[in-house]
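Take a look at the structure set out below.
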Amino acid sequence: MKKLLIIVAVCLTVLACKQEKPLADGRYRINGTITGLENGEIYLINQPIDTIQVEDGAFVIEHDIKDSVKLIHLSKINSNRPNQGEFVSIFVEPTEMTLNIDYEGFSEAKLSGSKTQDDQYMLQAILDKISEDYKEEKNHFDAVRKKYQEASNAGASDEELEAIKYEDDEARGKLAPMWEKQSEATLQFIKDNPKSFVSFQSFLFQISKLKYAEAKAILDQLNPEYLKTDLGKDISQKVDNLQKGIPGAKAANFETVDINGDSLKLADFKGKYLLIDFWASWCVPCRKGNPHLISLYNKYHSQGLEILGVSDDDRAYDKWKKAVEKDGIGIWHHVLRGLEYKEGTNQRINKDKDISDAYNIHSLPTKILVDPNGVIVGRYGGGGGTDDDMDKDLAEIFNQ
Numbered sequence: 001m002k003k004l005l006i007i008v009a010v011c012l013t014v015l016a017c018k019q020e021k022p023l024a025d026g027r028y029r030i031n032g033t034i035t036g037l038e039n040g041e042i043y044l045i046n047q048p049i050d051t052i053q054v055e056d057g058a059f060v061i062e063h064d065i066k067d068s069v070k071l072i073h074l075s076k077i078n079s080n081r082p083n084q085g086e087f088v089s090i091f092v093e094p095t096e097m098t099l100n101i102d103y104e105g106f107s108e109a110k111l112s113g114s115k116t117q118d119d120q121y122m123l124q125a126i127l128d129k130i131s132e133d134y135k136e137e138k139n140h141f142d143a144v145r146k147k148y149q150e151a152s153n154a155g156a157s158d159e160e161l162e163a164i165k166y167e168d169d170e171a172r173g174k175l176a177p178m179w180e181k182q183s184e185a186t187l188q189f190i191k192d193n194p195k196s197f198v199s200f201q202s203f204l205f206q207i208s209k210l211k212y213a214e215a216k217a218i219l220d221q222l223n224p225e226y227l228k229t230d231l232g233k234d235i236s237q238k239v240d241n242l243q244k245g246i247p248g249a250k251a252a253n254f255e256t257v258d259i260n261g262d263s264l265k266l267a268d269f270k271g272k273y274l275l276i277d278f279w280a281s282w283c284v285p286c287r288k289g290n291p292h293l294i295s296l297y298n299k300y301h302s303q304g305l306e307i308l309g310v311s312d313d314d315r316a317y318d319k320w321k322k323a324v325e326k327d328g329i330g331i332w333h334h335v336l337r338g339l340e341y342k343e344g345t346n347q348r349i350n351k352d353k354d355i356s357d358a359y360n361i362h363s364l365p366t367k368i369l370v371d372p373n374g375v376i377v378g379r380y381g382g383g384g385g386t387d388d389d390m391d392k393d394l395a396e397i398f399n400q
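Residue numbers (the UniProt record's numbering): 1 to 400.
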């Protein structure tokens, strides 16, 4: 009898050891299953890479989590730069969760137990429904982008690549309605779910499309705990930046060197209307619009209109000069935006010299119209009006 009791006690001890420990505060745990990989490894590719052992088609991931939610990335390959389809991004929370993966469809893995991830699935379903109506346009767009990448890898000439860029621009134009609808749907999701982390993160990419008043109203409804984070501070700053470069604001001062090596500053244009054209040699819509800018310059320059091209080509100086010459726009002033990086890195320095930042430029082309007193009276593109609006404003100013 005593021997039997000892055996039972040992068995109970072994079973207890195999049971999972209670999840400690500030930790998350994912109990995962994976079909198509009985034994092997998958990788948590948040820096540094963490190898996750798969045994009998199952795995467990447990780590610290300092906030209420964290975005992690799991990959089927040991690389911080996996290809599309080789990884999945999921929102984890300080709780127990379950993840089911099909190794062949790795990116389609499904997580349960995370409210934030449920919100992400909800938003993605809304966006996917919109994209279903644009399958043909999406396939064409993907094909053109693949064509460009293959041509670039094969050493195609600048002229050949530029021709493909124009194809890309046309394909992009056909997808513009889809992106617009998805943007509107995302904004509505944010308004309907202001406390969700998914809304908080998604808002970052919607700010540039909004006027300050609307953006500030949404910002004030977001979870205040999220706004205390580094991302939250960045979001708040971007909302504040919407007050820069808008009609009624004072034009930001700058002092730089032009394409000919001569010094140039905003004050040099005092007493004249100045149209600041934010563009780049690689921006197809910008280049397509240059003939129209030439006609405006020829029409109004004698009446006091100046144009200043501010190019986003700080790392492509030769292409910038070549584009100015090829497009015949050397008849007005040209400068670079002033984007500087620490040598050998992508770390930005001297941000106060960046003209684009000073005018809150987040998309190209964007044009800013400054009156003779240095006050902004028009913004076109990038959160402002259209080129037609610009034409009407100039015609009114110069009584045409």
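C-beta: ideal position from N, C-alpha, C; glycine also.
Pairwise C-alpha distance: residue j and residue i
i: residue 27; j: residue 76; result: 24 Å
i: residue 127; j: residue 191; result: 16 Å
i: residue 353; j: residue 361; result: 14 Å
i: residue 284; j: residue 165; result: 7 Å
i: residue 57; j: residue 42; result: 11 Å
i: residue 261; j: residue 217; result: 45 Å
i: residue 310; j: residue 322; result: 15 Å
i: residue 79; j: residue 36; result: 20 Å
i: residue 5; j: residue 198; result: Legend: pLDDT at residue 5 = 40, less than 50; position of this residue unreliable, no value from coordinates given.
i: residue 73; j: residue 313; result: 33 Å
i: residue 9; j: residue 91; result: Any reading at residue 9 must be qualified, since the residue scores a pLDDT of 42, below 50, and its modelled position is unreliable; no value is offered.
i: residue 100; j: residue 89; result: 13 Å
i: residue 257; j: residue 333; result: 10 Å
i: residue 146; j: residue 168; result: 10 Å
i: residue 182; j: residue 302; result: 44 Å
i: residue 395; j: residue 382; result: 22 Å
i: residue 252; j: residue 210; result: 21 Å
i: residue 277; j: residue 298; result: 16 Å
i: residue 132; j: residue 141; result: 14 Å
i: residue 16; j: residue 22; result: With a pLDDT of 39 at residue 16, under the threshold of 50, the modelled position of that residue is not reliable, and the figure given next carries that caveat. Cα to Cα, residue 16 sits roughly 12 Å from residue 22.
i: residue 245; j: residue 358; result: 7 Å
i: residue 39; j: residue 102; result: 14 Å
i: residue 405; j: residue 53; result: The chain is shown from 1 up to 400; residue 405 falls before or after that span and cannot be answered.
i: residue 144; j: residue 163; result: 11 Å
i: residue 11; j: residue 95; result: With a pLDDT of only 43 at residue 11, under 50, the local geometry of the prediction cannot be trusted, and the value read off the model is given with reservation. The straight-line gap from Cα to Cα measures roughly 30 Å.
i: residue 64; j: residue 25; result: 9 Å
i: residue 387; j: residue 324; result: 21 Å
Candidates the options: closest to residue i by CA position
i: residue 235; options: 208, 138 and 356; result: 208
i: residue 139; options: 120, 280 and 172; result: 172
i: residue 254; options: 268, 153, 152 and 324; result: 268
i: residue 55; options: 46, 34, 67 and 346; result: 34
i: residue 184; options: 174, 301, 206 and 347; result: 206
i: residue 248; options: 399, 371 and 387; result: 371
i: residue 335; options: 317, 344, 125 and 347; result: 317
i: residue 225; options: 135, 259, 67 and 170; result: 67
i: residue 373; options: 367, 399 and 250; result: 250
i: residue 343; options: 65, 315, 325 and 180; result: 315
i: residue 227; options: 200, 212 and 213; result: 200
i: residue 193; options: 178, 118, 110 and 345; result: 118
C-beta atoms of residue i and residue j nearer than 8 Å
i: residue 93; j: residue 112; result: no
i: residue 32; j: residue 69; result: no
i: residue 275; j: residue 307; result: yes
i: residue 279; j: residue 204; result: no
i: residue 97; j: residue 30; result: yes
i: residue 45; j: residue 87; result: yes
i: residue 196; j: residue 116; result: yes
i: residue 273; j: residue 305; result: yes
i: residue 175; j: residue 134; result: yes
8 Å contact criterion, which residue i and residue j should meet: CB distance rounded
i: residue 337; j: residue 355; result: 5 Å
i: residue 222; j: residue 239; result: About 10 Å; that fails the 8 Å criterion.
i: residue 160; j: residue 151; result: 6 Å
is_contact[residue i, chain D] using C-beta, thresh 8 Å
i: residue 78; result: Any reference to chain D falls outside this structure, which holds one protein chain only.
Where residue i falls, given that 16 or more other Cβ within 10 Å makes a residue buried
i: residue 375; result: exposed
i: residue 85; result: exposed
i: residue 328; result: exposed
i: residue 120; result: buried
i: residue 290; result: buried
i: residue 331; result: exposed
i: residue 270; result: exposed
i: residue 263; result: exposed
i: residue 186; result: buried
i: residue 287; result: buried
i: residue 369; result: buried
i: residue 125; result: exposed
i: residue 242; result: buried
i: residue 320; result: buried
i: residue 379; result: buried
i: residue 427; result: Look at the range of the chain in this structure, 1 to 400, and you will see that residue 427 is not part of it.
i: residue 300; result: buried
i: residue 82; result: buried
i: residue 281; result: buried
i: residue 414; result: Outside the displayed span of the chain (1 to 400) sits residue 414, for which this structure offers no information.
i: residue 384; result: buried
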